[in-house]
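Going by our numbering, the sequence shown opens with residue 10, and the numbers climb by one from there.
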Amino acid sequence: MFAEISILEYWKSEHERETNEDACALDAGRGLFAVADGAGTTLFAREWALTLAELFVTYPLLSAHPFEVEWWLDLAWTRYARYLLPAEQLPPALRYKWLREGSQATLATLRVVESGPERVVAKALAIGDSCLLWRRAGSELVESFPLRSPAEFAKPPLCLPSRAALFRRSFHRLQEQELTLGADDCLMLATDALARWVLAGGDGSLTPGQCFSLVARQTPASWESFVADCRADQGLADDDCTALVLTCRRAASARACLLGATQSYQGDLVQQRQRKFAEARRTGDRRRMAVLYGDGGAFQQPLGLTTDEEIAQARRVAEALDELLWQLRPLLNRADAAWQAARLWESYAPLLAAEPCAASLRRTLSALGVRGVEAGDEPGQALPIQGERTE
């Protein structure tokens, strides 16, 4: 299958191109498309949105499995650090805000897994209010994912955080959906202001199908004036407005390029991941094992003596450690921190008392005065900073 692709970007009135907090990226030859929307209330939102979108078309996330998402985000956190000064070099007010909030962004992605002469099969992943919208050839019905109605946009969106300490596996859940598209079907990935406008039928004087058609007809050259007119007359919010528009075609043309497909991770990435897993297993770092294993899709070959139970135990340890850290952090500045921490430790000690990945946590608990905690490692190492993940 071939596709005509339009990249439509314009920013809110107080922004410029360089401060647009939306981001988009694509690799049509591999069938990869992404849009991200940085939360403007957080620091460095543009850089974080760019990181997520660009990473997806380089190393796509293949599933919404919580441990797979965390493994992929670990790649994003490493990339993102290149944009920034170390936290200790930020002015005090910014440093406090950064440690407390980091950067946040929504994300919507499309990955083509099969591109044939008559149809395209693709998988969508999304978190927050960046959306995929599509319409079948000859139909006026506009379908959408993950949000289905304009009313859903009133809720604060769930965002991916730029700091590992702020990520919670049980909370930051991506949604996924499989799509099948045929010739002349049209799909767009859009950030929230535009997606909401389409689903609402503009200011109510149009249908979602009419709004969808209006957007799908735009070109990069016409997009700025179209957005300005819709803000003035049709109820479009003054926010960054980004869309990647794909129209499926049976034949190549001056505008239509061949859509490729991506079904698995690149070989070099798989090998690197397997090496790191083997090292984590050798050192007994079960938390790291759980994250590197992810959903298991990168480990189709036998991993020595690794068993399903070993992976299940690694996940239990990782979940226990992260949950304890999450509950402990708000307590560290309280007068009764030692007593509260001791109560928490009683619940988690059976899993974590001898785990190497919990050594820094045990040092922190011991320093707080929690009795009966054995650090089990060399003395003199620094205690973890409040609010930072201990690994």
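Note that CB positions come from ideal geometry on N, CA and C, so glycine has one too.
Residue i and residue j closer than 9 Å at C-beta
i: A45; j: T115; result: yes
i: A43; j: L35; result: yes
i: A287; j: Y302; result: no
i: L119; j: L255; result: yes
i: E187; j: S112; result: no
i: T60; j: E110; result: no
i: M197; j: L142; result: yes
i: E30; j: A54; result: yes
i: A252; j: V224; result: yes
i: S171; j: A85; result: yes
i: L167; j: F180; result: yes
Local conformation of residue i per DSSP, three classes
i: D386; result: For D386, the predicted model reports a pLDDT of 48, less than 50, meaning its position is unreliable and no value from the coordinates is stated.
i: L169; result: strand
i: R128; result: strand
i: D201; result: helix
i: T115; result: strand
i: E123; result: strand
i: L71; result: coil
i: A146; result: coil
i: A265; result: strand
i: L52; result: coil
i: L245; result: coil
i: L196; result: strand
i: T271; result: coil
i: A260; result: coil
i: K106; result: helix
i: T292; result: helix
i: D212; result: coil
i: P229; result: helix
Beta-ladder partner(s) of residue i, from DSSP
i: E187; result: K132
i: I3; result: Residue 3 lies beyond the residue range present for the chain, which begins at 10 and ends at 400; the question has no answer from this structure.
i: Y19; result: C250
i: F154; result: L141
i: A45; result: A32 and L116
CA nearest to the CA of residue i, picked from the options
i: I14; options: L334, R258, G381 and R338; result: R258
i: R178; options: L84, V129 and P75; result: P75
i: P165; options: G137, A368, L278 and E23; result: G137
i: L71; options: A327, N342, A270 and E30; result: A270
i: A260; options: P217, V129, A192 and R325; result: A192
i: V326; options: A367, A133, W335 and R240; result: A367
i: V130; options: D194, T67, S148 and R104; result: D194
i: P69; options: T315, G147 and Y274; result: Y274
i: V66; options: L341, M298, T316 and Q272; result: Q272
i: A6; options: L134, V122 and Q98; result: A query on residue 6 cannot be resolved here, the shown segment of the chain reaching from 10 to 400 and no further.
| said: Would you call the region 142–159 in contact with the region 19–39, where contact means no fewer than 3 C-beta pairs closer than 8 Å? | reply: no
| message | Assess contact between the region 244–253 and the region 196–212, defined as three or more Cβ pairs (one per stretch) separated by less than 8 Å. Is contact present? | response | As far as the Cβ criterion goes, the region 244–253 touches the region 196–212, which means the pair count is three or higher.
| Should the region 16–23 be called in touch with the region 228–236, which here means at least 3 C-beta pairs below 8 Å? | Yes: the two stretches touch, three or more of their Cβ pairs being nearer than 8 Å.
| Sufficient close CB pairs (3 or more, under 8 Å) joining the region 22–32 to the region 79–87 | no
| said: For the region 363–381 against the region 289–306, do three or more pairs of beta-carbon atoms, one drawn from each stretch, fall closer than 8 Å, so that the two count as touching? | reply: yes
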